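One structure is given below, encoded as structure tokens.
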Amino acid sequence: MAHNDASETQALFDALADPDCRDILRVLDEPLPAKEVASVCDLPQTSTYRKLEQLSEAELVAEETEVRPDGHHATAYVRDCGGVFVGVDADGAFEIDVLPAEERPSERLALLWSRVSEEL
Numbered sequence: 002m003a004h005n006d007a008s009e010t011q012a013l014f015d016a017l018a019d020p021d022c023r024d025i026l027r028v029l030d031e032p033l034p035a036k037e038v039a040s041v042c043d044l045p046q047t048s049t050y051r052k053l054e055q056l057s058e059a060e061l062v063a064e065e066t067e068v069r070p071d072g073h074h075a076t077a078y079v080r081d082c083g084g085v086f087v088g089v090d091a092d093g094a095f096e097i098d099v100l101p102a103e104e105r106p107s108e109r110l111a112l113l114w115s116r117v118s119e120e121l
């Protein structure tokens, strides 16, 4: 998904610049509840929720709801990207694509090169 709006771009850069957010992204290769994320990343729960919200707004993390038979539903968080591709267009503006979890940066680079070779 493309991030070309200035506020979306800034939210993404802010999330990636935050070392706690990067730690959280590293551990979310499988769905985890916020409490477990806090424990694994050695963060206070309040900070963890704030960072997870920041990552969600940047569209780097997704929430999953586990429906339980007892009616108490659990929310887990999972990394929702395979990478971030940053480019600069002809006008000098940033073009940012958050790659889907199944698309790796190497695949994105291969796609980019194939597009460049088509234009030559």
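In terms of my numbering, the sequence shown opens at residue 2 and continues consecutively.
Note that CB positions come from ideal geometry on N, CA and C, so glycine has one too.
This structure is a prediction, so every number in the text was calculated from the model and none was measured.
Gln46 to Pro34 span [Cα, whole Å]: As a working mapping, residue 46 is identified with position 45 in the sequence shown. As a working mapping, residue 34 is identified with position 33 in the sequence shown. Taking the straight line from one Cα to the other gives about 11 Å.
Excluding the 5 residues flanking Leu29 on each side, which residues of the same chain have their C-beta closer than 8 Å to its C-beta? On the sequence shown, position 28 is the one that residue 29 refers to. Answer for Leu29: Val38, Val62, Tyr78, Val79 and Arg80, listed in chain order.
For Lys52, count neighbouring C-beta atoms within 10 Å of its own C-beta (all shown protein chains included) and say buried if the count is 16 or more, exposed if not. Reading the sequence shown from its first residue, position 51 is the one you call residue 52. With 16 or more other Cβ atoms within 10 Å, it is buried.
Please report how far the alpha carbon of Ile97 lies from the alpha carbon of Glu60, in whole angstroms. Position 96 of the sequence shown, counted from the start, is the residue given in the question as residue 97. Position 59 of the sequence shown, counted from the start, is the residue given in the question as residue 60. In a straight line, the C-alpha of Ile97 is about 12 Å away from that of Glu60.
Are the beta-carbon atoms of Val85 and Val68 separated by less than 8 Å? On the sequence shown, position 84 is the one that residue 85 refers to. On the sequence shown, position 67 is the one that residue 68 refers to. No.
Could you give the distance in angstroms between the alpha-carbon of Pro20 and the alpha-carbon of Ala7? The residue you call residue 20 lines up with position 19 of the sequence shown. The residue you call residue 7 lines up with position 6 of the sequence shown. Their Cα atoms are separated by approximately 22 Å.
Can you give me the Cβ contacts of Ala12 inside the same chain, cut-off strictly under 7 Å, excluding the 5 residues immediately before and after it? The residue labelled residue 12 in the question sits at position 11 within the sequence shown. Around Ala12: Glu58 and Ala59.
State the CB to CB distance for the pair Leu56 and Ala16, rounded to an integer number of angstroms; the pair is presumed to be in contact (CB under 8 Å). In the sequence shown, counting from the first residue as 1, residue 56 sits at position 55. In the sequence shown, counting from the first residue as 1, residue 16 sits at position 15. Right, the Cβ-Cβ distance comes to about 5 Å (below 8 Å), so this counts as a contact.
Buried/exposed call for Thr49, threshold 16 Cβ in 10 Å: Counting from one through the sequence shown, the residue named residue 49 turns up at place 48. Buried.
With Leu53 as the anchor, note down where its alpha helix (DSSP H) starts and where it stops. Locating residue 53 in the sequence shown gives position 52, where the first residue counts as 1. Counting along the chain, the alpha helix (DSSP H) containing Leu53 begins and ends at Gln46 to Glu58.
Which listed residue (Asp71, Cys82 and Arg23) has its alpha carbon closest to that of Pro101: Within the sequence shown, the letter at position 100 stands for residue 101. The option with the nearest alpha carbon to Pro101 is Cys82.
Backbone CA spacing between Glu64 and Thr76 [nearest angstrom]: The count along the sequence shown starts at 1 and reaches residue 64 at position 63. The count along the sequence shown starts at 1 and reaches residue 76 at position 75. One C-alpha to the other measures close to 7 Å.
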